[in-house]
Amino acid sequence: MPDRLSTTLAALADPTRRAILARLATGEATVNQLAEPFDISLPAVSRHLKVLQKAGLIAQGREAQWRPCRITPAPLAEVSDWVEEYRELWERRLDRLEDYLSGLQGKKRSTTRRKRST
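Using the numbering used here, the letters of the sequence shown map in sequence onto residues 24 to 141.
And the structure:
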């Protein structure tokens, strides 16, 4: 059984699902409202919504015959935390690379100065 982060990342891998989440970030919407900008069938949109629900990225309420969807941000926060760990790792590595290159440039300058003075 995949872990929650894998399920979330798999759900986010599809551009239609990301577009649905972007729409829901502005507020609740019905399935029909979510389907409107896409050139796909309502059943296809429903399948995308099920994937998003399974990943915990959205929830559906019930208001009379309507089932408005809303975004649930907790899984996105987990993805953000995971990515942040790698961002910090790469920043440290890039800082070390910058220090190394600065050291090389300093050595090159001092070698150039010595050659000019002789």
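Backbone N, C-alpha and C fix where the C-beta goes; we use that ideal spot for every residue, glycine too.
Do the CB positions of residue i and residue j come within less than 9 Å of each other?
i           : j           : result
residue 28  : residue 102 : yes
residue 40  : residue 34  : yes
residue 25  : residue 42  : no
residue 127 : residue 94  : no
Rank the options by C-alpha distance to the C-alpha of residue i and give the top, closest one.
i          : options           : result
residue 30 : 66, 63, 79        : 79
residue 84 : 123, 52, 131, 100 : 52
residue 92 : 46, 110, 104, 128 : 46
Residues in its own chain within less than 6 Å of residue i by CB, not counting five upstream and five downstream?
i           : result
residue 56  : none
residue 90  : 83
residue 111 : none
For the beta strand (DSSP E) containing residue i, list its first residue and its last residue.
i          : result
residue 82 : 81-83
What is the DSSP secondary structure of residue i, reduced to helix, strand or coil?
i          : result
residue 36 : coil
Which two residues bound the contiguous alpha helix (DSSP H) that contains residue i?
i           : result
residue 70  : 65-77
residue 168 : No answer is possible for residue 168: the residues shown for the chain start at 24 and end at 141.
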